[in-house]
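Numbering (full-length UniProt numbering), first residue to last: 1 to 156. Ideal placement from N, C-alpha and C gives every residue a C-beta, glycine not left out. This report concerns only the one structure given below.
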């Protein structure tokens with residue numbers, strides 16, 4: 001199973017790239033974690049946010065291979081603890097499809113992305129900066145994998 005993280009935003013600070021890559025490299029070859037960056041629309045004083053979200057949504061959905069399970073990261077999603085995430089990861093593997101996890105930009109995800117999702121996952125009731133979410137998701141997925149595979153990274 002391939003896990004695809006589709007995130008709005010490019011040109012992340014070095015600490016974001018370093019943090020994400022640290023967890024990305026730990027994934028086994030049979031469950032690679034791939035990052036696809038979607039350019040964020042230009043936001044200015046008189047920006048048409050609705051239109052920007054629509055364009056970001058179109059580009060995000062276009063980046064997802066047909067048949068992938070779509071999981072959106074949303075404040076209003078369901079909170080999962082580590083064991084629930086690990087359980088979801090096992091179910092995803094048994095389902096046989098690749099996974100696309102979607103992270104929106106400053107205003108979140110386009111309504112079209114939310115409508116296309118099969119699951120909605122909330123990392124926190126807090127609004128988290130979208131660059132930081134990449135690292136949190138990568139670490140959480142690696143921890144879930146380690147729990148499912150009795151790897152020493154996750155200790156009870």
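Per the Cβ contact rule, the region 111-119 is not in contact with the region 137-151 (fewer than 3 Cβ pairs under 8 Å).
The Cβ-Cβ distance between residue 10 and residue 37 falls below 8 Å.
Residue burial is scored here from C-beta neighbours: residue 130 has at least 16 other C-beta atoms within 10 angstroms and is therefore classed as buried. Annotated three-state conformation of residue 47 is coil, per DSSP. For residue 105, the closest of 12, 3, 1, 4 by C-alpha to C-alpha distance is 12. Between the C-alpha atoms of residue 63 and residue 6 there is a straight-line separation of about 8 Å. Of the candidates 125, 122, 93, 141, 141 places its Cα closest to the Cα of residue 23. In the three-state scheme derived from DSSP, where H, G and I count as helix and E and B as strand, residue 78 is classed as strand. Using a C-beta cut-off of 8 Å, the region 39-57 makes no contact with the region 77-89, since fewer than three inter-stretch Cβ pairs fall below that distance. Counting only runs of at least 4 residues, the region 110-134 fully encloses the following alpha helix (DSSP H) elements, listed from N- to C-terminal order: 111-116. Counting the other Cβ atoms within 10 Å of the Cβ of residue 144 gives 16 or more, which makes it buried. DSSP places residue 17 in the helix class (H, G or I) of the three-state scheme. Residue 108 sits buried, since 16 or more C-beta atoms from the chains shown fall within 10 Å of its C-beta.
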